[in-house]
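Participant: Numbered according to this note's numbering, the sequence shown spans residues -8 to 319.
No residue lacks a Cβ here, since even glycine has one placed at the ideal position from N, Cα and C.
Note that the structure is predicted; figures quoted are calculated from it, not measured.
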Amino acid sequence: MRTVPQTVFFTSPFGALSEFCADVASGLTQPGQKELPSKYLYDEVGSALFEAICLLPEYGLSRAGMRLLQRNSDEIVGRLQGEVLVAELGSGTGQKTRWLLEALSRRQRVHYYPIDISRTALTRCQQELGHLDMVSIVGFERAYIEGLNEVAGRRRGSTSLFVLFLGSTIGNFDRPAADQFLARVRSTLQEGDALLLATDLEKPVSQLEVAYDDPAGVTAAFNKNLLARINRELGADFDLRKFDHVARWDSGERRIEMHLRSKCWQHVSIRQAGLRVNLREGETIWTESSHKYQPEEVVQMGMRAGFRCDQQWFDSEWPFAQSLFFAA
Ligand code: AVI
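1. So L186 and F156 are supposed to be a Cβ contact under 8 Å. How far apart are they, rounded?
2. May I ask you to check if the CB of L120 is nearer than 7 Å to at least one heavy atom of the ligand AVI?
3. Taking 8 Å as the threshold (C-beta atoms), are T190 and I161 in contact?
4. In chain order, what are the residue ranges of uninterrupted alpha helix (DSSP H) at least 4 long that sit wholly in the stretch 4 to 37?
5. Applying the 10 Å Cβ sphere with the 16-neighbour rule, what's the burial state of H250?
6. Indicate whether E272 and W256 have their beta-carbon atoms separated by less than 8 Å.
7. L188 and G293 look like a contact to me (Cβ under 8 Å); what is the Cβ gap, rounded to whole Å?
8. For N214, count neighbouring C-beta atoms within 10 Å of its own C-beta (all shown protein chains included) and say buried if the count is 16 or more, exposed if not.
9. With DSSP run on the structure shown, which of helix, strand or coil describes S109?
10. Measuring CB to CB, does G73 end up less than 8 Å from S149?
11. Can you pull every residue whose C-beta falls closer than 7 Å to some heavy atom of the ligand AVI, listed in chain order?
12. If I measure Cβ to Cβ from R245 and keep anything under 6 Å in the same chain, skipping five residues before and after, which residues do I get?
13. In chain order, what residues of the same chain have a beta carbon less than 6 Å from the beta carbon of W309, not counting five sequence neighbours either side?
14. List in chain order: all unbroken beta strand (DSSP E) runs of 3+ residues lying wholly within the stretch 196 to 273.
15. Kindly indicate which three-state DSSP category T114 falls into: helix, strand or coil?
16. For Q302, name the three-state secondary structure that DSSP assigns.
17. The alpha helix (DSSP H) with F172 in it runs from where to where?
18. Please name the residue in A13, G18, P167 whose C-alpha comes closest to that of I276.
19. Within a Cβ cutoff of 7 Å, which residues of the same chain sit near I44, ignoring the five residues on either side of it in sequence?
20. Spatial neighbours of P206 within its chain, please: C-beta separation below 8 Å, excluding the five flanking residues on both sides.
21. Tell me the rounded alpha-carbon separation between V129 and S38.
22. By Cβ distance below 6 Å, which residues in the same chain neighbour H236 in space, the five residues on each side in sequence not counted?
23. According to DSSP, is Q313 part of a helix, a strand, or is it coil?
24. If we count the other Cβ atoms within 10 Å of its Cβ and call it buried at 16 or more, is D241 buried or exposed?
25. Considering only residues of the same chain and omitting the five flanking positions on each side of Q263, which have a CB-CB separation below 6 Å?
26. If you check the beta carbons only, do A78 and V142 fall under 8 Å apart?
27. Short of 6 Å in beta carbon distance, which residues of its chain neighbour F316, apart from the five on each side in sequence? Order them along the chain.
28. Could you tell me if E132 is buried or exposed, where buried requires 16 or more neighbouring beta carbons within 10 angstroms of its beta carbon?
29. In terms of alpha-carbon separation, which member of R70, A296, A219 lies closest to F234?
30. Going by CA-CA distance only, name the one from S82, V126, Q302 that's closest to S314.
31. Do you know how far the Cα of R58 is from the Cα of A202?
32. From the DSSP output, in three-state form, read off A318 for me.
33. In the DSSP assignment, the beta strand (DSSP E) including A296 goes from what residue to what residue?
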């Protein structure tokens, strides 16, 4: 049966710019290490650059996640009980989700709720998935937990929720913040609801360093675009040529950190924040962390948040895991 795809965006009109301005100001004026939150890497240019990163031979992460879903979606979906509503945290372009939705649509009508702070991502997701038979899409332009609460409010009767967190974005949270985030996800769920969580696994440092500092310079452009975004949106005057992209492995925290290192002593003004910032030669602005996991660590992380791990699937080419949890 062919159903007419339904797409509705619930948009978020307030406060985005002033929150960005406040976060930039506090990250660049805090004592010690200057920081910018990684969520701001993803404006329209940054999202396009991230998609280009995913095509790089050095960056195997997203292809691994995709392969796992392509190969195992029927099995994953087969482990879910009864009717489910699907909520995806950070839909991105929706490409990886296709396999799961197709598998589910072979057994039920699918209500799919992508949740993303980027309207562009939701639109791309609709373009990618909107034509699937038996699938209706209602996108939420929201922060993850806020959107998830709204989706949870739509459940009826014995329908359960199947939450997808597929981009391995959990790795961009510090470990304690990842625990807290999963606990917040759990608190919006009922016993028996499911969570499919993607995580990038530990691998040789040389492989990680080149994945986050590719020779073509795409990741460097992705990182520097954050400064360009601050220029565009907050009237700042960062000179991107005065910064180097740096990707370094922290063996204690088991994470790749991305920084922007100032090549010289410089000052920058950010008009909308009414701020002037000094940077020393060699000083860095920390823009992202990407934590890498051991498989058992992922199981434990889910358990601490109130889930039980049902099954994990691993990619054989690029160490990466999809872990299926049920709310306990
Ligand atoms: C979105 N996230 C999982 C990516 C990662 O690998 O941590 C973001 C990224 N940063 C640099 N390259 C890709």
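Facilitator: This is what the structure gives:
1. 7 Å
2. no
3. yes
4. 7 to 20
5. buried
6. yes
7. 7 Å
8. buried
9. coil
10. yes
11. F41, I44, Y50, L52, G158, S159, T160, G162, N163, D191, Y203, T210, F213, M249, E279, S281
12. K283
13. G51, A55
14. 234 to 241, 246 to 253, 257 to 261, 266 to 270
15. helix
16. strand
17. 166 to 178
18. G18
19. Y50, V209, T210, F213
20. E49
21. 21 Å
22. A211, N214
23. strand
24. exposed
25. C12, L225, G226
26. yes
27. L186, G293, F298, C300
28. buried
29. A219
30. Q302
31. 18 Å
32. strand
33. Taken as a continuous stretch (DSSP letters only), A296 belongs to no beta strand (DSSP E), as it is neither H nor E.
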